[in-house]
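Residue numbers (the working numbering): 35 to 181.
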């Protein structure tokens with residue numbers, strides 16, 4: 035629906051942002067915003083940037099010898115909708131995708147089977163600006179599995 039032009043723009047913007055994100059994503063955005071606006075910025079930002087650079091350096095070393103890195107997307111099988119409500123266990127479920135996000139490398143997750151009736155994903159990560167290679171490897175894997 036069109037924006038209400040009689041309301042302040044930031045109210046419409048906040049409403050649209052709230053509609054577009056689920057509870058878990060909103061929680062993470064709020065935690066990040068709080069940490070950056072509550073006096074923690076100077077204390078943690080430099081440490082976070084140093085850790086991020088270390089992750090990037092690790093990927094640089096790895097990509098000297100390999101084109102892609104493949105592994106599980108999650109440390110466990112997927113959980114059923116509504117099964118996990120504990121934020122910490124939900125954060126830990128995506129711990130294997132964090133390095134690619136920190137380093138800014140292209141990554142994709144593709145289905146690679148099931149366990150206990152729940153889907154399991156294979157994550158493929160590649161070198162910076164080699165997105166096409168990542169997609170090609172993921173597609174080849176999917177075609178090989180379905181053949």
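Where a beta carbon is used, it is the ideal one built from N, C-alpha and C, also for glycine.
Collapsing the DSSP output to three states places residue 129 in coil. Judged by DSSP in its simplified three-state form, residue 67 adopts helix. By the criterion of a C-beta distance shorter than 7 Å, residue 133 is surrounded in its chain by 89, once the five residues flanking it on both sides are discounted. Under the DSSP definition of a beta bridge, residue 148 partners with 153. In the DSSP assignment, residue 100 falls outside any beta strand (DSSP E), carrying neither H nor E. The distance from the Cβ of residue 155 to that of residue 146 is about 6 Å, consistent with a contact at the 8 Å cut-off. Per DSSP, reduced to three states, the secondary structure at residue 112 is coil, with no helix or strand assignment. Between the stretch 72-80 and the stretch 119-132, the count of Cβ pairs shorter than 8 Å is below three; the stretches do not touch. If the five residues before and after residue 165 are omitted, its C-beta is found closer than 8 Å to the C-beta atoms of 140, all from its own chain and listed in chain order. Assignment of residue 178 by DSSP, reduced to helix, strand and coil, places it in the helix class. Look at the beta carbons and you see the stretch 94-108 touching the stretch 159-176: at least three pairs across the two are nearer than 8 Å.
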